[in-house]
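Residue numbering for the sequence shown follows the working numbering, starting at 119 and increasing by one per position. Glycine included, every Cβ here is placed at the ideal spot set by N, Cα and C. Data first, discussion second: the structure below is written as structure tokens.
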Amino acid sequence: MNTFADYRDHVGALPDKQFKSTLFRSGRLMLGLNCLSPGQEQHLHEHAGQDKFYFVVEGTGRFVVGSETRSAGPGCAVWAPAGVPHGVRNDTGQRLVLLVGIAPFPAAS
119 MNTFADYRDH VGALPDKQFK STLFRSGRLM LGLNCLSPGQ EQHLHEHAGQ DKFYFVVEGT
179 GRFVVGSETR SAGPGCAVWA PAGVPHGVRN DTGQRLVLLV GIAPFPAAS
């Protein structure tokens, strides 16, 4: 099992949608990176029975969690409780890199 990861080794981009990379995954937790180029969006969605957090590593995003919408930049954490709709948009001219955690996370079979 890899217990150390440098996020910079997992950053990427796709032309038509956000780039995702998994750093760590178990039956209790998934940690990954979401990278959004300027203009890209993670549409509103929710996770039944799973809490999620975003930690902004680079850039600034416009986050929606339930009925609240706020911008968050480097060093900010955003928490979306289980069952609450959430999403994020990059309205800036710079890449947005988010450390994402979801728990519990069912192990791949």
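> Under the three-state reduction of DSSP, which class applies to Pro134: helix, strand or coil?
Replying inline: Looking at the sequence provided, one finds Asp at residue 134 rather than Pro. Here Asp134 sits in coil by DSSP.
>> Taking its Cβ as the centre, do 16 or more other Cβ atoms sit within 10 Å of Ser189, making it buried, or is it exposed?
In response: exposed
> Assuming Tyr125 and Val196 make a contact with CB atoms under 8 Å, what is their CB distance in whole Å?
Replying inline: Incorrect: roughly 17 Å between the Cβ atoms, too far for contact.
> Around the Cβ of Leu214, are there at least 16 other Cβ atoms within 10 angstroms (buried) or fewer (exposed)?
Replying inline: Leu214 sits buried, since 16 or more C-beta atoms from the chains shown fall within 10 Å of its C-beta.
> So, helix, strand or coil for Arg126, using DSSP?
Replying inline: helix
> Asn152 and Val218 look like a contact to me (Cβ under 8 Å); what is the Cβ gap, rounded to whole Å?
Replying inline: 5 Å
> Nearest to Ala200 by CA position, among Thr187, Val206, Asp209 and Phe171, is which residue?
Replying inline: Selected option, being the one with the closest Cα: Phe171.
> Using the beta-carbon count (16 or more within 10 Å), is Phe122 buried or exposed?
Replying inline: exposed
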